[in-house]
């Protein structure tokens, strides 16, 4: 069982989360210990160890089919792990899920509602099942959350006629219908227009301000980079990197980017010099060089090899590059 | 432990499912198949004498008929065909009674209120009314003669052709009973193996009649109580008020309930005695040569003779002539082309001998 | 591997203490009310109830038309003529053969398989609605449909019986030829309603069990329909007579016994006991599955 992350990247345990929110209850909002899930012969998730500190906004990154949703479902107690254990707000799941889930809001695998009911009726049905909501508050809570996600005008239309974005907003509303300590959002921006995406970002920001822990899974890297304090990267069912965002980006900056048309030659030359070199994911032809000789020496090597160096800069690693590299190495 | 509750709950649920499957099996086990009860031994004579002495009592019960005689179902008498049927019976022990014959689609009700005999048929929604004056109760008045003597006499008469014995005990409708067995004597040429009568050990009334034929372990006919309780019955049961809006017909002179009237002028002759008695009669209607359908307009479908016998049986012939042979589990019938009918609980050969006489 | 799993699990459990207080739940009454609202807002439920209300009306019209032609009708339908109280009971008995079980199967199909297909089941589970309570809530919804459908037939049967056929002076003429007054007649109709709902509860429990194992509502519907057909065929084969006591459907004519007088309760009691067995079987399998089902 290989549980370790790739050697190039330290899977340092996550530091306690941001300034806000650490006062709330358990220091760890969600935890996975050696989680493994097998569907028939397919291993969906393998040996995942993860801790989500209270108050953090964790971006869960990974291509489609990398196991994000399966991991989330196991954390919520919707699926039993084949092996390993999960914990939610200090309670083992699924055994004690009933104690944790009232304080957890979730949007998993897209919004699920009944087409013959209006958005409001659908939410009322969800609200009726919420343990922490008094019966007398249901109508108010539903009205308020509809406003919060920007669906007040469409609340009394049938769900059948909703656009993809409106459905997504309603799903978000169901997750936020009562104040939560933990909100889990699986691909919340799917189908949303830019304004919708901004709204989701705003809501995540509000939740973070309010001290809640948020787990957002997304394949949109910019999304995660803009809103998250922590990141977990999944690839083919295993966790390839976790950590808080600044230190992850820091760890990824020990190299330089060489902008050049002679990509192949550059890679060859740098690898001969003992460096790790690979093509940049950016649109311009460029090569990322890591662990090589110091920059001046490297550049002179390249020039001597006949590479036309248009530009050489210290790599300003963004999440996109980090992600590309991680998934390329393991994939 | 909280962890265990999930598994415990699943185990309980699985247990419930299994228990219910078992329960379904138990429901399916026929009741009344209990062990034979222990009863003090009794001789056939004493048993029959006590039956003759028994006073009729008020009771209600359900009688089940398991018919495997192999007869064709007759239009107005579905009970004749193979299959099970039930009847619900109430009696006040003093001549009044009520019988209900339920069928899936309806019911026939027969009520004898002491002066009038009512017959209701839900399929036609008609009531037939017969006066019972001059018609004695269904039971012959056995008390008039000395019961012990009558029993002895009956047994003596039967002994010439039968073996009579008490053969163990049985439980019928939850009541312990003696099994009285009548078996044909060795010289009797019959299709029947034996007739068993279960007699209530306490009330000394017959509870079940079983007819067993040669070559089969399953009864050809079993008529018995499936449910029986003694005690006073609701008076209302022994009255009948025709429901509003139904037509009430005055019946002809009441004759033994459902039994069809015998056609006039056709007196059967009896050949032989005992178990191999053969009844030879003239075919009631139609010329002997009439091998076609009997006249369909004849409104006597419920007479055995009214059934198209030509369609039944297999052709046979011999010195006596030719005809068709109909065999069932317990009886054989030959309908000759010259219009005679011979029937009995006997093999074919006995019938043809009787016809040849 | 499993040993390791157990040890990590045990370690995880050891870190957290078992909560002393019971977990909080939404009030069961509120859940049931929400389920009832959901069932009754579903268009197909309403269409179905409308169809059931039509069943006795159609039979009544058929009888009224046939009544004009001379000659006595035969069988149960014949017993309806001029005898309005028979209509609800005969209608329920006829609908129990196919229509009512299908309606219940449809409700059960939507209850679990349908919710899974819509992605709404996991919404309920993360709320959280406890899994046992979820089964209770769903069973309630199915039972509600069964009760409403049966009652719709009974009530419309009574109305149509009086309007189209006419009661025999507010009396019921039983199959046995006796005459019952209004109160007794209504009690007989109520008895058949209760008995029919009991039989349907058995069908519903089995359908829910199937529903718990699939996410395609049509599978449930097809299974119940197939089951009814298979049971019908099995009970028609004389060599398989011994199977009869095991088949739920074999007691379904017992409702007609309410039209006999005195009522023979044996058939209804036996079929109710059998229904209870099927009910327990279905409930057990449903709970067993739903306590573990992935959503």
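Chains as they are written, first to last, in this note's numbering: chain A, 1 to 331; chain B, 1001 to 1357; chain C, 2001 to 2295. Where is the CB? At the ideal position from N, CA and C, for every residue including glycine.
If you ignore the 5 residues before and after residue 207 of chain A, its C-beta comes within less than 7 Å of the C-beta of 183, 214, all in its own chain and listed in chain order. In this structure, residue 1020 of chain B places its C-beta atom within 8 Å of the C-beta atom of residue 2281 of chain C.
Relative to the Cα of residue 2060 of chain C, the nearest Cα in the group C:2047, C:2042, C:2085 belongs to C:2085. The stretch 140-159 of chain A and the stretch 2142-2154 of chain C do not touch, with fewer than three beta-carbon pairs separated by less than 8 Å. DSSP, reduced to helix, strand and coil, places residue 194 of chain A within a helical segment of the structure shown. In this structure, residue 2119 of chain C and residue 165 of chain A do not form a Cβ contact; the two beta carbons are roughly 17 Å apart against a cut-off of 8 Å. When C-alpha distances from residue 1204 of chain B are compared across B:1056, B:1014, B:1017, the shortest belongs to B:1056.
For residue 2093 of chain C, the enclosing alpha helix (DSSP H) covers residues 2086-2097.
Taking C-beta separations shorter than 6 Å and ignoring five residues to either side along the sequence, the partners of residue 2210 of chain C in its chain run 2220, 2223, following chain order.
In this structure, the alpha-carbon of residue 2190 of chain C lies about 32 Å from that of residue 2242 of chain C.
Remark: C-beta atoms of residue 2289 of chain C and residue 1102 of chain B do not approach each other more closely than 8 Å. Non-local C-beta neighbours of residue 1039 of chain B in its own chain, meaning closer than 8 Å and more than five positions away in sequence, comprise 1169, 1176, 1178, 1201, ordered along the chain.
Following the DSSP letters along the chain, one finds residue 2278 of chain C inside the alpha helix (DSSP H) bounded by residues 2266-2290.
The DSSP-derived three-state label of residue 1105 of chain B is coil.
In this structure, DSSP gives residue 46 of chain A an extended state, which the three-state scheme calls strand. Partner residues in the beta bridge of residue 1067 of chain B, as assigned by DSSP, are B:1083, B:1221. Scanning its chain for C-beta atoms nearer than 7 Å, with the 5 sequence neighbours on each side dropped, one finds around residue 263 of chain A the residues 279, 285, 287, in chain order.
Exposure of residue 2269 of chain C is indicated by the presence of fewer than 16 other C-beta atoms within 10 angstroms of its C-beta.
The DSSP-derived three-state label of residue 140 of chain A is helix.
Here DSSP, grouped into helix, strand and coil, assigns residue 167 of chain A to helix. By the Cβ-count criterion, residue 310 of chain A is exposed, with fewer than 16 other Cβ atoms from all chains shown falling within 10 Å of its own Cβ. About 21 Å separates the beta carbons of residue 2056 of chain C and residue 2203 of chain C, which is beyond the 8 Å limit, so they are not a contact pair. Listed along chain A are 112, 113, 114, 122, 125, 126, each with a C-beta nearer than 9 Å to that of residue 2120 of chain C. In chain order, 2178, 2179 make up the part of chain C whose C-beta sits under 8 Å from the C-beta of residue 1241 of chain B.
When secondary structure is reduced to three states using DSSP, residue 2038 of chain C falls in the helix class.
For residue 1337 of chain B, there is no enclosing beta strand (DSSP E), since its DSSP letter is neither H nor E. Taking a contact to require three or more Cβ pairs closer than 8 Å, the stretch 26-36 of chain A and the stretch 48-55 of chain A qualify as touching. Distance between residue 2023 of chain C and residue 186 of chain A, taken at the CA atoms: about 26 Å. Listed by position along chain B, the residues whose Cβ is nearer than 7 Å to that of residue 2173 of chain C are 1243.
By the C-beta criterion, the stretch 1089-1096 of chain B is judged to be in contact with the stretch 1222-1239 of chain B, since at least 3 inter-stretch pairs fall below 8 Å. Counting of Cβ neighbours within 10 angstroms places residue 1160 of chain B among the exposed residues, the total staying below 16. Bounds of the beta strand (DSSP E) holding residue 1198 of chain B are 1192-1200. Distance between residue 297 of chain A and residue 268 of chain A, taken at the CA atoms: about 16 Å. Sequence-distant partners of residue 275 of chain A (beyond 5 residues in either direction) whose C-beta falls short of 6 Å from its own C-beta, in its chain, are 289, 291, 292. Beta-bridge partners assigned by DSSP to residue 113 of chain A: none are found. Under the DSSP assignment, residue 230 of chain A falls in the beta strand (DSSP E) whose first and last residues are 230-235.
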